[in-house]
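In the working numbering, the protein residues as written are 43 to 306.
No residue lacks a Cβ here, since even glycine has one placed at the ideal position from N, Cα and C.
Reviewing the structure listed below.
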(Lines of atoms letter the chains of each structure in order from A; the text may use other names.)
(Lines give C-alpha, C1' and ligand atoms only; values in the text may rest on other atoms or scores of the structure.)
Protein backbone atom coordinates (compact mmCIF):
# COMPACT_ATOMS: atom_id res chain seq x y z
CA UNK A 43 0.00 0.00 0.00
CA UNK A 44 1.36 3.42 -0.91
CA UNK A 45 2.23 5.90 1.83
CA UNK A 46 -0.41 8.52 2.69
CA UNK A 47 -0.12 11.77 0.73
CA UNK A 48 -0.52 14.97 2.75
CA UNK A 49 -3.19 17.31 1.43
CA UNK A 50 -0.76 20.14 2.12
CA UNK A 51 1.47 19.12 -0.79
CA UNK A 52 2.28 22.18 -2.90
CA UNK A 53 0.56 22.68 -6.24
CA UNK A 54 2.44 21.30 -9.21
CA UNK A 55 3.82 24.03 -11.44
CA UNK A 56 2.11 22.62 -14.50
CA UNK A 57 -1.44 23.16 -13.22
CA UNK A 58 -3.66 25.29 -15.42
CA UNK A 59 -5.01 28.04 -13.19
CA UNK A 60 -8.16 28.51 -15.26
CA UNK A 61 -9.32 25.00 -14.44
CA UNK A 62 -12.24 24.70 -11.98
CA UNK A 63 -10.25 21.98 -10.16
CA UNK A 64 -6.55 22.00 -9.32
CA UNK A 65 -4.63 19.23 -7.56
CA UNK A 66 -2.74 19.12 -4.28
CA UNK A 67 -0.92 15.83 -4.18
CA UNK A 68 -3.56 13.22 -5.01
CA UNK A 69 -6.60 15.35 -4.11
CA UNK A 70 -8.66 17.93 -6.02
CA UNK A 71 -8.66 21.57 -4.93
CA UNK A 72 -11.35 24.06 -6.06
CA UNK A 73 -9.77 26.93 -8.00
CA UNK A 74 -9.56 30.32 -6.23
CA UNK A 75 -10.88 28.84 -2.98
CA UNK A 76 -9.65 29.86 0.49
CA UNK A 77 -8.48 27.29 3.04
CA UNK A 78 -10.43 27.83 6.27
CA UNK A 79 -9.60 24.58 8.07
CA UNK A 80 -6.69 22.19 7.56
CA UNK A 81 -5.90 19.01 9.47
CA UNK A 82 -2.69 17.07 8.76
CA UNK A 83 -2.61 13.28 8.58
CA UNK A 84 -3.23 11.64 11.97
CA UNK A 85 -3.88 7.97 12.68
CA UNK A 86 -7.31 7.42 14.18
CA UNK A 87 -10.49 5.37 14.05
CA UNK A 88 -12.79 6.70 11.33
CA UNK A 89 -16.43 6.04 10.55
CA UNK A 90 -18.00 6.95 7.21
CA UNK A 91 -21.78 6.73 6.84
CA UNK A 92 -23.25 4.75 3.93
CA UNK A 93 -26.77 6.12 4.31
CA UNK A 94 -28.74 9.20 5.42
CA UNK A 95 -28.08 10.49 8.94
CA UNK A 96 -30.77 10.71 11.60
CA UNK A 97 -30.75 11.18 15.37
CA UNK A 98 -33.28 9.10 17.29
CA UNK A 99 -33.55 9.38 21.09
CA UNK A 100 -30.28 11.31 21.09
CA UNK A 101 -28.35 8.62 19.21
CA UNK A 102 -26.97 8.85 15.68
CA UNK A 103 -28.64 6.36 13.33
CA UNK A 104 -27.38 5.29 9.91
CA UNK A 105 -28.31 2.37 7.65
CA UNK A 106 -24.71 1.21 7.12
CA UNK A 107 -21.18 2.49 7.66
CA UNK A 108 -17.51 1.85 7.04
CA UNK A 109 -15.39 1.73 10.17
CA UNK A 110 -11.61 1.35 10.10
CA UNK A 111 -8.35 2.73 11.46
CA UNK A 112 -5.86 4.69 9.41
CA UNK A 113 -4.36 8.06 8.47
CA UNK A 114 -6.94 10.84 8.13
CA UNK A 115 -6.20 14.27 6.66
CA UNK A 116 -8.59 16.98 5.51
CA UNK A 117 -8.97 20.50 4.15
CA UNK A 118 -12.07 22.70 4.18
CA UNK A 119 -12.36 25.37 1.49
CA UNK A 120 -14.52 28.48 1.36
CA UNK A 121 -15.51 29.00 -2.26
CA UNK A 122 -15.40 32.35 -4.09
CA UNK A 123 -18.78 34.07 -4.41
CA UNK A 124 -19.01 33.31 -8.12
CA UNK A 125 -18.81 29.54 -7.57
CA UNK A 126 -21.57 27.37 -6.14
CA UNK A 127 -21.12 24.45 -3.77
CA UNK A 128 -22.78 22.15 -6.31
CA UNK A 129 -20.36 23.22 -9.06
CA UNK A 130 -17.29 22.69 -6.86
CA UNK A 131 -18.59 19.33 -5.64
CA UNK A 132 -19.29 18.11 -9.18
CA UNK A 133 -15.89 19.23 -10.50
CA UNK A 134 -14.04 17.52 -7.64
CA UNK A 135 -16.11 14.34 -7.96
CA UNK A 136 -15.53 14.12 -11.70
CA UNK A 137 -11.79 14.66 -11.25
CA UNK A 138 -11.56 11.87 -8.67
CA UNK A 139 -13.58 9.48 -10.83
CA UNK A 140 -11.42 10.28 -13.85
CA UNK A 141 -8.42 9.43 -11.66
CA UNK A 142 -9.84 5.95 -10.98
CA UNK A 143 -12.03 6.44 -7.91
CA UNK A 144 -15.51 4.93 -7.78
CA UNK A 145 -18.39 5.96 -5.50
CA UNK A 146 -19.41 3.84 -2.52
CA UNK A 147 -22.08 6.21 -1.22
CA UNK A 148 -23.42 9.37 -2.85
CA UNK A 149 -26.27 11.55 -1.65
CA UNK A 150 -27.58 15.04 -2.32
CA UNK A 151 -29.91 17.36 -0.45
CA UNK A 152 -32.34 15.86 2.03
CA UNK A 153 -31.38 12.36 0.84
CA UNK A 154 -28.27 12.81 3.03
CA UNK A 155 -30.32 13.31 6.17
CA UNK A 156 -29.67 16.05 8.73
CA UNK A 157 -26.92 18.45 7.67
CA UNK A 158 -26.02 19.39 11.24
CA UNK A 159 -25.11 15.75 11.92
CA UNK A 160 -22.69 15.68 8.99
CA UNK A 161 -21.06 18.90 10.18
CA UNK A 162 -20.86 18.12 13.89
CA UNK A 163 -20.89 14.33 14.27
CA UNK A 164 -19.09 13.17 11.11
CA UNK A 165 -16.62 15.98 10.35
CA UNK A 166 -16.53 17.88 13.70
CA UNK A 167 -16.46 21.13 11.75
CA UNK A 168 -19.02 23.82 12.62
CA UNK A 169 -18.26 25.73 9.41
CA UNK A 170 -20.09 22.99 7.50
CA UNK A 171 -23.43 23.66 9.22
CA UNK A 172 -25.95 24.50 6.50
CA UNK A 173 -29.37 23.71 5.14
CA UNK A 174 -30.29 20.07 4.59
CA UNK A 175 -31.34 20.79 1.01
CA UNK A 176 -28.02 22.55 0.24
CA UNK A 177 -25.65 19.64 0.97
CA UNK A 178 -23.99 16.85 -0.98
CA UNK A 179 -21.71 13.98 0.10
CA UNK A 180 -19.78 11.33 -1.74
CA UNK A 181 -17.40 8.63 -0.50
CA UNK A 182 -15.10 7.21 -3.16
CA UNK A 183 -12.68 4.30 -3.11
CA UNK A 184 -9.52 4.44 -5.17
CA UNK A 185 -8.70 1.48 -7.41
CA UNK A 186 -5.74 -0.83 -8.08
CA UNK A 187 -2.79 -0.39 -5.69
CA UNK A 188 -4.61 2.41 -3.81
CA UNK A 189 -7.71 0.33 -3.02
CA UNK A 190 -7.26 0.94 0.72
CA UNK A 191 -7.64 4.70 0.26
CA UNK A 192 -11.00 6.47 0.60
CA UNK A 193 -11.77 10.07 -0.34
CA UNK A 194 -14.78 11.93 1.05
CA UNK A 195 -16.25 15.13 -0.39
CA UNK A 196 -18.88 17.19 1.40
CA UNK A 197 -20.26 20.47 0.10
CA UNK A 198 -22.76 22.83 1.69
CA UNK A 199 -24.15 26.34 1.35
CA UNK A 200 -24.85 28.15 4.61
CA UNK A 201 -27.70 30.54 5.36
CA UNK A 202 -25.34 33.49 4.74
CA UNK A 203 -24.79 32.09 1.19
CA UNK A 204 -21.19 31.16 1.87
CA UNK A 205 -20.35 27.89 0.14
CA UNK A 206 -17.84 25.32 1.38
CA UNK A 207 -16.18 22.16 0.09
CA UNK A 208 -14.64 19.70 2.55
CA UNK A 209 -12.09 17.22 1.15
CA UNK A 210 -10.92 14.32 3.31
CA UNK A 211 -8.54 11.43 2.62
CA UNK A 212 -8.40 8.20 4.61
CA UNK A 213 -5.59 5.66 4.13
CA UNK A 214 -6.42 2.46 5.99
CA UNK A 215 -3.78 0.82 8.18
CA UNK A 216 -4.99 -2.65 7.11
CA UNK A 217 -6.78 -3.91 3.98
CA UNK A 218 -10.37 -2.72 3.71
CA UNK A 219 -11.49 -5.87 1.92
CA UNK A 220 -14.60 -5.96 -0.23
CA UNK A 221 -16.87 -2.94 0.16
CA UNK A 222 -19.84 -2.68 -2.17
CA UNK A 223 -21.51 0.60 -3.13
CA UNK A 224 -25.14 1.04 -2.20
CA UNK A 225 -27.63 0.16 -4.94
CA UNK A 226 -29.04 3.70 -4.86
CA UNK A 227 -25.54 5.13 -5.35
CA UNK A 228 -24.91 2.93 -8.39
CA UNK A 229 -28.22 4.09 -9.89
CA UNK A 230 -27.47 7.76 -9.11
CA UNK A 231 -24.06 7.48 -10.77
CA UNK A 232 -25.53 5.80 -13.85
CA UNK A 233 -28.20 8.47 -14.22
CA UNK A 234 -25.85 11.38 -13.51
CA UNK A 235 -22.77 10.37 -15.51
CA UNK A 236 -24.27 7.92 -17.99
CA UNK A 237 -21.68 5.26 -17.19
CA UNK A 238 -20.10 3.04 -14.55
CA UNK A 239 -16.42 2.07 -14.43
CA UNK A 240 -15.02 -0.71 -12.26
CA UNK A 241 -11.41 -1.27 -13.40
CA UNK A 242 -10.77 -3.90 -10.72
CA UNK A 243 -13.64 -6.15 -11.86
CA UNK A 244 -12.76 -8.79 -14.45
CA UNK A 245 -14.80 -12.01 -14.31
CA UNK A 246 -18.29 -11.78 -12.75
CA UNK A 247 -18.41 -11.94 -8.96
CA UNK A 248 -21.62 -13.04 -7.26
CA UNK A 249 -21.79 -10.09 -4.86
CA UNK A 250 -21.27 -7.55 -7.65
CA UNK A 251 -23.71 -9.29 -9.98
CA UNK A 252 -26.35 -9.10 -7.25
CA UNK A 253 -25.60 -5.42 -6.56
CA UNK A 254 -25.68 -4.36 -10.22
CA UNK A 255 -28.89 -6.32 -10.81
CA UNK A 256 -30.57 -4.62 -7.83
CA UNK A 257 -29.36 -1.22 -9.00
CA UNK A 258 -30.55 -1.67 -12.58
CA UNK A 259 -33.91 -2.98 -11.41
CA UNK A 260 -34.51 0.14 -9.31
CA UNK A 261 -35.34 1.75 -12.67
CA UNK A 262 -36.63 -0.81 -15.15
CA UNK A 263 -36.62 1.76 -17.98
CA UNK A 264 -32.81 1.95 -18.11
CA UNK A 265 -30.88 0.09 -20.80
CA UNK A 266 -27.12 -0.40 -20.68
CA UNK A 267 -24.21 -1.73 -22.70
CA UNK A 268 -21.42 -3.70 -21.02
CA UNK A 269 -17.80 -3.61 -22.19
CA UNK A 270 -14.71 -5.50 -21.08
CA UNK A 271 -13.04 -8.83 -21.70
CA UNK A 272 -15.79 -10.63 -19.75
CA UNK A 273 -18.71 -8.46 -20.89
CA UNK A 274 -20.76 -11.34 -22.28
CA UNK A 275 -20.30 -13.33 -19.07
CA UNK A 276 -21.46 -10.32 -17.04
CA UNK A 277 -24.51 -9.91 -19.27
CA UNK A 278 -25.47 -13.55 -18.84
CA UNK A 279 -25.11 -13.40 -15.06
CA UNK A 280 -27.12 -10.17 -14.80
CA UNK A 281 -29.92 -11.72 -16.83
CA UNK A 282 -29.90 -14.73 -14.50
CA UNK A 283 -30.08 -12.30 -11.57
CA UNK A 284 -33.31 -10.82 -12.90
CA UNK A 285 -32.38 -8.04 -15.33
CA UNK A 286 -34.52 -8.30 -18.46
CA UNK A 287 -32.46 -9.57 -21.41
CA UNK A 288 -33.54 -6.77 -23.74
CA UNK A 289 -32.10 -4.11 -21.41
CA UNK A 290 -28.49 -5.29 -21.78
CA UNK A 291 -26.13 -5.23 -24.75
CA UNK A 292 -22.45 -6.09 -25.17
CA UNK A 293 -20.40 -3.04 -26.15
CA UNK A 294 -16.87 -2.57 -27.43
CA UNK A 295 -15.57 0.37 -25.39
CA UNK A 296 -11.86 -0.12 -24.54
CA UNK A 297 -11.65 -0.63 -20.79
CA UNK A 298 -9.93 -2.33 -17.90
CA UNK A 299 -12.33 -4.46 -15.90
CA UNK A 300 -16.02 -3.71 -16.41
CA UNK A 301 -17.57 -0.66 -18.10
CA UNK A 302 -21.33 -0.02 -18.25
CA UNK A 303 -22.80 2.74 -20.39
CA UNK A 304 -26.33 4.04 -20.41
CA UNK A 305 -28.13 3.55 -23.72
CA UNK A 306 -30.15 6.72 -24.24
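Could you tell me which of 178, 219, 154 sits nearest to residue 185, measuring between CA atoms? 219
Supposed contact pair residue 169 and residue 206 - C-beta distance, whole angstroms, cut 8 Å: At roughly 6 Å, the Cβ-Cβ gap stays under 8 Å, so residue 206 and residue 169 are in contact.
Give the straight-line distance between the Cα atoms of residue 97 and residue 254, rounded to the nearest whole angstrom. 30 Å
Helix, strand or coil: how does DSSP classify residue 174 here? helix
Contact between the region 86 to 93 and the region 70 to 77 (3+ Cβ pairs under 8 Å): no
Using three-state DSSP, classify residue 126 as helix, strand or coil. coil
For residue 278 and residue 126, the rounded distance between their alpha carbons: 43 Å
Own chain partners of residue 179 with C-beta closer than 6 Å, once the 5 adjacent residues on each side are dropped: Excluding the 5 residues flanking it on each side, residue 179 has same chain C-beta neighbours closer than 6 Å at 149, 154, 196, in chain order.
Range covered by the alpha helix (DSSP H) that runs through residue 257: Residues 248 to 259.
Local conformation of residue 266 per DSSP, three classes: strand
How long is the line joining the alpha carbons of residue 286 and residue 111, rounded to whole angstroms? 41 Å
Mind reading off the beta-carbon distance from residue 338 to residue 172? Whole number of angstroms is fine, and I expect it under 8 Å. In the structure as shown, the chain starts at 43 and stops at 306, and residue 338 therefore has no counterpart that could be examined.
Report yes if the CB atom of residue 119 is closer than 9 Å to the CB atom of residue 130, and no otherwise. yes
Can you give me the Cβ contacts of residue 164 inside the same chain, cut-off strictly under 7 Å, excluding the 5 residues immediately before and after it? 91
Segment limits, beta strand (DSSP E) that includes residue 150: 144 to 150
If distances are taken between C-alpha atoms only, which option among 114, 105, 167, 108 comes closest to residue 78? 167
Which residues does DSSP pair with residue 208 in a beta bridge? 118, 196
Write down the C-beta distance between residue 260 and residue 225 rounded to the nearest angstrom, noting that I regard them as a contact closer than 8 Å. 6 Å
With a CB to CB cut of under 7 Å and the five nearest residues on each side skipped, what residues in its chain are close to residue 240? 144, 299, 300, listed in sequence order.
Same chain, Cβ closer than 6 Å to residue 242, five either side skipped, listed in chain order: 185, 299
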